[in-house]
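Accompanying notes for the structure given below.
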């Protein structure tokens, strides 16, 4: 596996000249991705049920944990419903109905970014199965929320730019890690299936943990 293209690592030289413009567009899309907070407190569509599960008020779906809900956010159904909701809200605003309240009008918490956190990514191998994987430790000494992460595909990253062919190519996916008030960080990893449980449930080969004492966020997973 090659993790040389991850954030904070040096990039190799060279490259095809006619791809320069598309590389710029892809980098712009990555920056847009990293400015989007993954914190569920900023999501007006999620509701925590009495049994601890998360419910998407937009799609009427139920999720066992935050990881499952975040995965749902990247799905086709959620994006279609978001577009439909936007259209309804625009019509509602045009009608100037003073008694109507758009779900998008829910106030969001504002915070001042303090830069990117320090992190360490290490390639690992299971001694029994010989499966390869990645172990990541991110330091969040001033985190005000529990950190979150999401693994996004190349297709998700290029939703608005289907024709973009970046230097990463379609054989990569992106590990995005977030915790306010820090900027998001993104690691480029091979586009291989990850060994994890159903609904992104944590297993021995796929897990994360935030140590509230040391403020370190641990992520570890293996590829199938």
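Numbering (UniProt numbering), first residue to last: 1 to 224. Each residue gets a CB set at the ideal place from its N, CA and C atoms; glycine is no exception. Here the structure is a predicted model, which means the values were calculated and not measured.
Closest Cα partner of residue 191 within the set 132, 126 and 20: 132
Does the Cβ of residue 136 have 16 or more other Cβ atoms within 10 Å, making it buried, or fewer, making it exposed? buried
Expressed to the nearest angstrom, what Euclidean distance is found between the alpha-carbon atoms of residue 59 and residue 80? 10 Å
Reducing DSSP to helix, strand and coil, say where residue 131 ends up. In this structure, residue 131 counts as coil in the three-state DSSP scheme.
Can you tell me whether residue 200 is buried or exposed, with buried defined as 16 or more other CB within 10 angstroms of its CB? buried
Using CA atoms only, rank isn't needed, just tell me which of 64, 45 and 43 is closest to residue 51. 64
Contact defined as beta carbons within less than 8 Å: I believe residue 147 pairs with residue 221. What is the distance between those atoms, to the nearest angstrom? Incorrect: roughly 15 Å between the Cβ atoms, too far for contact.
Nearest residue (CA-CA) to residue 182, options 46, 139 and 66: Taking each of 46, 139 and 66 in turn and checking the Cα distance to residue 182, the smallest one comes out for 139.
Helix, strand or coil at residue 198 [DSSP, three-state]: helix
Grouping DSSP H, G and I as helix and E and B as strand, with all else coil, what is residue 54? In the structure shown, residue 54 adopts extended strand secondary structure according to DSSP, grouped into three states.
Note down the Cα distance separating residue 69 from residue 177, rounded to an integer number of angstroms. 15 Å
C-alpha distance - residue 189 paired with residue 87, whole-angstrom precision: Rounded to whole angstroms, residue 189 to residue 87 spans 36 Å at the Cα level.
Among residues of its own chain, excluding the 5 on either side of residue 124, which ones have a beta-carbon nearer than 6 Å to its beta-carbon? 133 and 135
Under 8 Å by Cβ, that's how I've got residue 149 and residue 208 pegged, so tell me the actual separation to the nearest angstrom. A Cβ-Cβ separation of about 6 Å places residue 149 in contact with residue 208 under the 8 Å criterion.
I'd like to check one pair, residue 53 with residue 61: are the Cβ atoms closer than 7 Å? no
List the DSSP bridge partners of residue 112. For residue 112, which the question treats as bridged, DSSP gives no partner whatsoever.
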